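The block underneath contains the structure these notes are about, expressed in structure tokens.
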């Protein structure tokens with residue numbers, strides 16, 4: 070009697086294990102669990118038969134029944150975890166099904182805006198140049214007419230690597246590097262990353278600029294205004310108006326801030342432009358003659374202008390954004406809009 074019971078317990082364990090392993094879905098596995106481990110399952114029926122055995126063999130038979138149930142439960146748990154992980158056997162894998170295509174990437178809005186800016190100036194005749202992000206004090210400040218200990222250096226909030234090396238605060242060093250390499254005419258724009266110790270909703274410690282330089286014979290302030298007017302019309306809309314306000318930059322004289330008519334209200338006045346009707350987009354001016362001394366240009370023979378704009382600033386105005394940090398949060402929902 071005892072041996073027959075023990076054999077039956079082993080058979081139920083074997084059948085339960087096979088059923089649990091064969092289940093290919095949670096529904097099948099649950100049905101097998103109810104059939105074997107449920108309150109009315111085969112193991113429950115087996116325990117009822119245990120009570121009919123003689124007292125002297127009941128402990129041995131009961132121990133075997135508990136062992137069989139425990140082993141079947143372990144197989145059930147393993148099968149359940151495998152299904153939850155999405156594990157499938159080789160036999161259930163259909164290799165003829167088409168694969169899942171990865172989601173296509175998108176060009177970041179900053180890269181797109183930079184490329185658009187450079188394309189506009191390339192159509193106007195400018196060449197694209199790039200330079201190092203770790204610059205020397207000479208190219209970043211001294212050769213651009215920033216005297217040592219001059220208060221204008223404080224405008225830059227510089228990250229210094231060493232006494233003479235720093236993370237460039239603008240891409241203007243490429244103006245000097247470009248003039249060192251060639252004689253006029255020099256028509257270049259320099260896009261790239263720049264760094265300053267500043268961070269809020271409208272400033273980032275790392276941001277992107279496009280600096281421009283045009284040096285030739287007979288260049289005037291009117292040429293500067295014409296180039297920038299053409300850029301604003303191409304970047305925003307053909308009827309975009311600009312205005313120039315007096316300002317100060319160490320490497321240009323005279324200098325001017327350039328505004329465009331508010332992209333939201335068209336110049337009528339709103340919250341975005343502070344009811345002024347204008348939005349600042351870049352700084353500019355005629356190259357200071359002191360800069361020519363560093364590149365051996367004769368200021369009596371050559372003249373030119375320079376300008377610099379923030380890519381994030383242009384992108385925010387073009388697309389109606391109000392927080393510069395959105396560019397760097399890697400939110401795919403935001404990036405997918407562009």
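Numbering (the working numbering), first residue to last: 70 to 407.
Using N, Cα and C, we set each Cβ at its ideal position, and we do this for glycine too.
Owing to the predicted nature of the structure, the values given are computational and were not obtained by experimental measurement.
Exercise for the section: Give the straight-line distance between the Cα atoms of residue 306 and residue 358, rounded to the nearest whole angstrom. Expected result: 35 Å
Problem - Under the three-state DSSP convention, the category residue 280 falls into - result: strand
Practice task
With DSSP collapsed to three states, give me the class of residue 103.
Solution key: helix
Practice task
Starting from the C-beta of residue 84, find all residues in its chain whose C-beta is less than 8 Å away, skip the five residues before and the five after it, and write them out in chain order.
Solution key: 105 and 111
Problem - Spatial distance of residue 240 from residue 313 (CA atoms) - result: 22 Å
Exercise for the section: With a threshold of 16 other CB atoms inside 10 Å of the CB of residue 124, please say whether the residue is buried or exposed. Expected result: exposed
Practice task
Pair every Cβ in the region 349-367 with every Cβ in the region 321-338, then say whether three or more of these pairs are closer than 8 Å.
Solution key: yes
Problem - Euclidean distance between Cα positions of residue 99 and residue 129 - result: 30 Å
Exercise for the section: Using 7 Å as the cut-off, classify the Cβ of residue 384 as near or not near the heavy atoms of the ligand HEM, replying yes or no. Expected result: Annotation note on the ligand HEM: not contained in the displayed structure, which lists no ligands.
Handout entry: Proximity below 8 Å, CB of residue 200 to CB of residue 246
Key = yes
Exercise for the section: Name the two residues that bound the continuous alpha helix (DSSP H) containing residue 380. Expected result: 380-388
Practice task
Could you tell me the distance, in whole angstroms, from the CA atom of residue 80 to the CA atom of residue 150?
Solution key: 24 Å
Exercise for the section: Evaluate residue 219 with the Cβ neighbour count: other Cβ atoms within 10 Å of its Cβ, from every protein chain shown; 16 or more gives buried, anything less gives exposed. Expected result: exposed
Exercise for the section: For the alpha helix (DSSP H) holding residue 395, just list the boundary residues, first then last. Expected result: Residue 395 -> no alpha helix (DSSP H), and no H or E assigned at all.
Practice task
Leaving aside the five residues before and after residue 175 along the sequence, list all residues of the same chain whose C-beta is less than 8 Å from its C-beta, in chain order.
Solution key: 404, 405 and 407
Practice task
Rank 148, 115 and 187 by C-alpha distance to the C-alpha of residue 138 and give the top, closest one.
Solution key: 115
Exercise for the section: Report the three-state DSSP secondary structure of residue 252 (helix, strand or coil). Expected result: coil
Exercise for the section: Note down the Cα distance separating residue 206 from residue 376, rounded to an integer number of angstroms. Expected result: 20 Å
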